[in-house]
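Undergrad: Residue numbers for the sequence shown follow this note's numbering, so the first one is 24 and each next one is one higher. For every residue, glycine included, the Cβ atom is placed at its ideal position computed from N, Cα and C. A quick note: this is a predicted structure, and the numbers were derived from the prediction, not measured. There's a structure below that I have some questions on.
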Amino acid sequence: MRAAGDEPASTARLAPALRLRCMILPMSTTTSFQAPAVRVRVAVVTGASRGIGREVAHELARAHYAVVVNYGSRREDAEQVVAEIAAAGGTAVALRADVSDRVAVERMFEAVDARFGRLDALVNNAGVAQRIEAMTDISDETWRRTLAVNLDGAFYCMRAAIGRLKAAGGGRIVNISSGAARTGGSVGAQYLRTTLFNPAFPDLWAIRSDL
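Structure representation (C-alpha cells):
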C-alpha cells in the first residue's frame, strides 16, 4: 500500500454531535434496515480497513459522523475498524467495493443511500503502489492497475458523490495524496503519475459543478 500524505486534520471540522448504534453490513448481505429518526452526517472513506484510511475513519467517527468503511479485500480488518468505532460510541458500516470497478462503486453508493439516505463527505484514500526502480521495469498490468485504482477509483467515487453531496446541501471531498507527487518517492513512475493528479481533482470538479 502506498504511503499517503497526512490529511486527516481536515476532517476535524465536519460534524454535529450525534451517536447511534454500529452495524457491520457487507453490501452483499440482505439485511433489514430501519432508518434513524435523526439525520446523521455520513462520510465514505475508501481503503479504510488499515493505515491512513483507518485513522481517517476514526477521526470522522470522533467528529460524530456515521462512517462507511470501504474495503477491497480485507473484510476482517474493515470489520475490526467498525467494531472499534462502535466501542467508542460511534456509528460505522463496512462496505466492500473495488473502487477501480465503476459498477461496484455505484452499488456502494446506492447501499449508502439505502442505509443513511444522504452523504456529507467523501475521502478518497484507496490506493496501490509497488516499488519499482526503473520505468522500463513497469509492466502493462502494473501500470494499468495502479491508474485504475488510484486515478479511476477517485474519479468514479467523486462522480457518484457529487450529486449526493449537493442533495445534502453541500459537503466535502478530500483526496489523500503523497509526497511522492513531488519527489517520485521509491514506488515508481506509475504511482507518481496518479499522485500528481489526485490533489487537483476536487478543485477542478468544484469549479465545474459548484459543489
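Where do the N-terminal and C-terminal ends of the alpha helix (DSSP H) with T169 fall, by residue?
TA: That run of the alpha helix (DSSP H) goes 163-170.
Undergrad: If you reduce the DSSP assignment to three classes, tell me which class T173 lands in.
TA: Per the sequence shown, residue 173 should be read as Asn rather than Thr. It is helical.
Undergrad: Roughly how many angstroms lie between the CA atoms of G140 and Y88, to the nearest whole one?
TA: Their backbone Cα atoms lie some 14 Å apart in a straight line.
Undergrad: How about I185 and V146: are their beta carbons less than 9 Å apart?
TA: No, the pair does not count as a contact, with Cβ atoms beyond the cut-off.
Undergrad: Tell me which same chain residues have a C-beta within less than 6 Å of the C-beta of V65, skipping the five on either side of it?
TA: The answer, listed in chain order, is A89, F139, R141, L142, D143.
Undergrad: Bridge partners of A84, per DSSP?
TA: A84 pairs with nothing; no bridge assigned.
Undergrad: Rounded to a whole number of angstroms, what is the C-alpha to C-alpha distance between F178 and A109?
TA: So the two alpha carbons sit approximately 30 Å from each other.
Undergrad: Whose C-beta lies closer than 8 Å to the C-beta of R85 among residues of the same chain, with five residues either side of it excluded?
TA: Within the same chain, R85 has close Cβ partners A111, G113.
Undergrad: Report back the beta-carbon spacing between G193 and V122 to the nearest angstrom; my notes put them in contact at under 8 Å.
TA: G193 to V122, Cβ: 23 Å. No contact.
Undergrad: Give every residue of the same chain whose Cβ lies closer than 7 Å to the Cβ of A183, excluding the five residues on either side of it in the sequence, and list them in chain order.
TA: Closer than 7 Å at Cβ, skipping near neighbours: V128, E129, F132.
Undergrad: Whole angstroms is fine: what's the gap from C180's alpha carbon to S96's?
TA: Distance between the alpha carbons of C180 and S96: 18 Å.
Undergrad: Determine the contact status of V104 and A117, defining contact as a CB-CB distance below 9 Å.
TA: Yes. Within cutoff.
Undergrad: Along the chain, where does the alpha helix (DSSP H) that runs through I108 open and close?
TA: Start and end: 98-110.
Undergrad: May I ask which residues mark the beginning and end of the alpha helix (DSSP H) holding A66?
TA: Where A66 is concerned, there is no enclosing alpha helix (DSSP H), although the beta strand (DSSP E) it sits in stretches over 65-68.
Undergrad: Which of the three DSSP states, helix, strand or coil, is assigned to L118?
TA: Residue state, collapsed to three classes: strand.
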